[in-house]
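First up is the structure itself, then whatever we jot down about it.
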Amino acid sequence: MNLLKKTNIIMVTIIIIIIVSLLVAPICSYAAAAKYTQSLKSGISNFPKDYQVALNKIKAEHPNWTFEAYNTGLSWDTVLLNETSTHGRNRVIKSADASWRCSCGNVASGYACASKDIIAYYLDPRNFLNEINIFQFLEISYNENIHNLSGVKAAVKNTFLDNTITYEKDGNQYTKTYSEIILEAAKQSKMSPYSIVTKIIQEVGTKGSSSVSGKYSGYEGYYNFFNLGAYDSGNAIVNGLKYARDKGWDNQYDAIIDGAKEVANGYTNAGQNTAYFYKWDVVGTSILKSGCTQTVSSSNMFWHQYMANVQDPTSQSKSLYNTYAKNGILEKGLNFIIPVYTNMPGTADMPTGFPENIENLYSVNCTDGLRVRSKASTSGSILTTLYKNEKVQVVTKDYATEDNVTWDKIKTASGINGYVAGKYLTAYKNTTQTQTVVATAKTTDALKLRKTASTSGVLVTTIPKNKSVDILQKNAATANGYIWYKVKYESNTGYVASKYLKDISDEKQTSSESNTNTDTGTSTSQNNVAKVATSNTNETAKTTSSVKLRKTAKTSGKVLTTIPKGKKVTIVKKNAAKSNGYTWHKVTYSGNTGYVVSKYISTNSGNSSSSKTLKTKSSVKLRKTAKTSGKVLITITKGKKVTIIKKNAAKKNGYTWHKVTYKNKIGYVASKYLK
Ligand SMILES: [Zn+2]
194 MNLLKKTNII MVTIIIIIIV SLLVAPICSY AAAAKYTQSL KSGISNFPKD
244 YQVALNKIKA EHPNWTFEAY NTGLSWDTVL LNETSTHGRN RVIKSADASW
294 RCSCGNVASG YACASKDIIA YYLDPRNFLN EINIFQFLEI SYNENIHNLS
344 GVKAAVKNTF LDNTITYEKD GNQYTKTYSE IILEAAKQSK MSPYSIVTKI
394 IQEVGTKGSS SVSGKYSGYE GYYNFFNLGA YDSGNAIVNG LKYARDKGWD
444 NQYDAIIDGA KEVANGYTNA GQNTAYFYKW DVVGTSILKS GCTQTVSSSN
494 MFWHQYMANV QDPTSQSKSL YNTYAKNGIL EKGLNFIIPV YTNMPGTADM
544 PTGFPENIEN LYSVNCTDGL RVRSKASTSG SILTTLYKNE KVQVVTKDYA
594 TEDNVTWDKI KTASGINGYV AGKYLTAYKN TTQTQTVVAT AKTTDALKLR
644 KTASTSGVLV TTIPKNKSVD ILQKNAATAN GYIWYKVKYE SNTGYVASKY
694 LKDISDEKQT SSESNTNTDT GTSTSQNNVA KVATSNTNET AKTTSSVKLR
744 KTAKTSGKVL TTIPKGKKVT IVKKNAAKSN GYTWHKVTYS GNTGYVVSKY
794 ISTNSGNSSS SKTLKTKSSV KLRKTAKTSG KVLITITKGK KVTIIKKNAA
844 KKNGYTWHKV TYKNKIGYVA SKYLK
């Protein structure tokens with residue numbers, strides 16, 4: 194009885210404790226750590242499909258390179274949430290475009306808090322899977338499978354490290370090559386021997402400075418290969434050699450081995466063994482080996498970063514690539530460790546101040562880094578450096594010739610205005626502009642349009658049954674048991690499972706060949722005015738000026754012939770393609786079939802004509818996409834002329850939308866405001 198009572202009291206106490214802890218729990222567990230299981234697997238096949246495509250391309254160029262998938266166990270949303278929840282953890286230069294800056298307005302030391310979009314862009318490894326930028330994933334820790342003496346020998350070639358030295362240590366004399374010592378240092382410090390070589394060369398140069406000669410007056414016999422403690426106040430060399438004397442580095446072996454260990458302690462030994470992981474701390478505190486698994490607490494992630502600047506890993510990848518190329522170790526066995534997150538979005542695009550279809554977009558064509566200067570001269574200060582394939586808008590082509598350089602005035606994606614040498618820019622072919630319609634088709638069922646060719650791809654929109662779509666690429670991919678086509682529907686581009694499409698472009702061709710009229714108001718053509726506009730016709734038209742007939746629908750297409758002004762051409766396909774800012778008709782002229790820019794052709798069709806202009810009935814917004822929530826590109830005031838690209842291009846939000854151009858901007862306006 195007594196015992197039972199005691200048990201009851203204990204039970205009640207336990208229950209009270211449970212209730213109290215439940216009440217307190219929300220506060221206590223607020224910062225409770227989550228656990229994530231991480232694994233590392235070697236080989237391209239261990240990556241998601243979209244990584245594989247890019248990696249296979251790189252592998253084809255560099256067969257000795259290997260790739261490891263670092264499965265972080267983190268979902269994309271989790272990483273993004275952690276990287277954005279602390280304002281100021283991620284930064285961009287304060288002069289960056291508004292789309293790069295966080296709305297919190299936090300600025301410190303010239304750097305502004307970064308926007309979620311730009312964080313997502315730099316966080317997404319898929320944006321950097323090219324020959325150069327992949328170096329942010331380069332393994333900078335020691336890997337016994339790929340690091341060997343012959344590799345180190347190649348790395349030190351043509352430098353002072355390509356030598357055999359004799360040194361005394363603990364009363365004994367040794368003769369070794371620097372390469373042997375460096376490989377030993379790699380094993381002991383767990384740092385890649387290539388990182389050790391490049392770090393030494395970076396510090397003391399290819400010929401070696403006084404820090405490593407052992408002959409500096411007052412510090413004879415002391416060595417410091419990594420310039421540790423060589424602070425700039427006073428004499429940096431003396432500071433470094435004092436440091437070496439304090440450490441007892443009185444021979445080259447100790448100076449390299451101990452120095453490498455010190456460098457490694459400050460860097461890679463925190464488990465962060467790539468430039469990417471230095472910035473994005475999505476890994477545990479120990480280095481994960483291939484084939485292994487580890488469990489990591491969220492409390493050990495996200496905060497341990499070596500820099501706040503989101504662009505830093507990408508900038509570093511460029512200098513790492515250069516160093517490897519220069520030291521002749523580019524084609525050695527290099528290993529790249531690339532993080533993978535779960536539930537990744539279709540893409541994380543770079544936010545830019547550039548609207549889609551912007552004119553005068555160029556891409557950087559030099560690999561060494563293109564300097565953007567404050568004025569059109571080599572004496573202008575460097576505002577930023579652009580890397581290969583980065584996009585810029587040319588404000589004024591051939592702005593000035595100065596210092597034997599022809600300068601273009603440009604604006605960068607991050608909003609910086611400046612000047613660059615024009616020869617390093619190539620006219621950019623926007624994929625949305627060069628997309629050629631290869632066929633048209635009708636949906637046989639309601640069909641999901643996805644951002645990527647996969648049933649798990651982000652849903653762009655659902656296309657209703659019986660709608661027509663423009664096919665941009667047939668058999669773009671095979672995934673999840675479907676063959677995917679790249680298509681355009683209204684203003685959206687994406688991928689659909691091809692089995693739900695019925696190709697109607699062939700039908701059209703057949704019917705026009707047999708002279709049956711396809712424009713008789715059938716349900717198909719009523720549903721799809723735009724469709725009719727791109728269909729095959731045998732309409733004739735006249736050139737409004739002398740115009741080049743090109744083999745392909747682009748300004749760089751081979752010229753078949755030049756058609757003089759006022760000549761009749763037969764239109765094979767109206768609005769067959771859009772590229773280089775033009776709409777192209779496929780036409781036949783005196784036996785040649787090719788493409789001409791539509792604006793130089795006058796047609797009589799009321800449905801669609803690129804040369805047709807309309808006037809605004811009132812002030813009206815030009816939107817990037819054909820919907821009332823579409824981004825406003827510009828507000829066109831009343832009575833202005835706009836050029837119609839595609840009449841009735843879309844129906845949305847109760848409006849019919851025309852695709853038009855106005856002041857070099859291409860977008861959509863609600864048709865009711867035009868006359
Ligand atoms: Zn912020």
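Per the working numbering, the sequence shown runs over residues 194 to 868. Cβ coordinates follow ideal geometry from the N, Cα and C atoms, glycine included.
Proximity winner among the options, relative to residue i (alpha-carbon distances)
i: Ala770; options: Thr806, Val285, Lys761, Lys792; result: Lys792
i: Met500; options: Ile764, Asn841, Arg282; result: Arg282
i: Lys833; options: Asp443, Tyr315, Val789, Val813; result: Val813
i: Gly650; options: Ser232, Arg816, Lys228, Lys242; result: Lys242
i: Asp363; options: Lys287, Ala634, Asp443; result: Asp443
i: Thr781; options: Leu807, Thr821, Lys735; result: Lys735
i: Leu523; options: Thr589, Gly847, Ser372, Pro256; result: Pro256
i: Glu254; options: Ala606, Thr737, Lys644, Lys525; result: Lys525
i: Lys635; options: Thr818, Ile697, Leu233, Leu273; result: Ile697
i: Asn553; options: Gly521, Glu396, Val587, Leu742; result: Val587
i: Val285; options: Ile333, Leu274, Cys306, Lys808; result: Cys306
i: Ser572; options: Trp600, Asn420, Arg319; result: Trp600
i: Lys234; options: Glu261, Ser512, Lys250; result: Glu261
i: Asp542; options: Glu583, Thr391, Ser410; result: Glu583
i: Ala289; options: Tyr304, Gly477, Lys380, Gln445; result: Tyr304
i: Leu513; options: Cys297, Ile389, Lys400, Gln445; result: Ile389
i: Gln245; options: Val762, Tyr866, Asn462, Asn323; result: Asn323
i: Pro318; options: Thr461, Lys472, Cys297; result: Lys472
i: Ser402; options: Ser479, Lys392, Phe418; result: Phe418
Buried or exposed by the 16-neighbour rule on C-beta atoms within 10 Å, applied to residue i
i: Gly856; result: First, the amino acid is wrong: residue 856 is Lys here, not Gly. Classification for Lys856: exposed.
i: Ile374; result: buried
i: Ile664; result: buried
i: Thr594; result: exposed
i: Leu342; result: exposed
i: Thr776; result: buried
i: Ser510; result: buried
i: Ala881; result: Given a span of 194 to 868 for the chain in the structure shown, any question on residue 881 remains unanswerable.
i: Asn846; result: exposed
i: Thr828; result: exposed
i: Asp505; result: buried
i: Ile575; result: exposed
i: Ser404; result: buried
i: Gln329; result: buried
i: Lys184; result: The shown model of the chain, from 194 to 868, leaves out residue 184, and the question about it has no answer.
i: Trp496; result: exposed
i: Gly521; result: exposed
i: Gln395; result: exposed
i: Asp439; result: exposed
i: Gln719; result: Legend: pLDDT at Gln719 = 29, less than 50; position of this residue unreliable, no value from coordinates given.
i: Cys295; result: buried
i: Lys868; result: exposed
i: Glu276; result: buried
i: Val752; result: exposed
i: Glu337; result: exposed
Whether residue i touches residue j by CB criterion (9 angstroms)
i: Tyr693; j: Thr637; result: yes
i: Tyr617; j: Lys568; result: no
i: Phe470; j: Trp258; result: no
i: Leu642; j: Tyr682; result: yes
i: Lys658; j: Ala632; result: no
i: Lys805; j: Thr836; result: yes
i: Gly615; j: Lys590; result: yes
i: Tyr263; j: Ile531; result: yes
i: Asn493; j: Ile480; result: no
Whole-Å CB distance - residue i paired with residue j, under 8 angstroms assumed
i: Ala871; j: Ala437; result: Outside the displayed range of the chain (194 to 868) lies residue 871, so it cannot be described from this structure.
i: Thr265; j: Thr486; result: Actually they are not in contact, since the Cβ atoms of Thr265 and Thr486 sit about 12 angstroms apart, beyond 8 angstroms.
i: Tyr315; j: Val503; result: 4 angstroms
i: Phe321; j: Thr507; result: 7 angstroms
i: Lys779; j: Lys766; result: 4 angstroms
i: Lys369; j: Ile358; result: 7 angstroms
i: Val790; j: Val740; result: 7 angstroms
i: Lys817; j: Gly784; result: So it is not a contact: roughly 41 angstroms between Cβ atoms.
i: Leu815; j: Lys865; result: Leu815 to Lys865, Cβ: 15 angstroms. No contact.
Chain B contact for residue i (CB, 9 angstroms cutoff)
i: Asn420; result: As a matter of chain content, chain B is missing from the structure shown, which is built from one protein chain.
Taking 6 angstroms as the limit, name every residue whose beta carbon sits nearer than that to some heavy atom of ligand 1, in sequence order. Output, sorted by chain position: His280, Cys295, Cys297, Asn299, Cys306.
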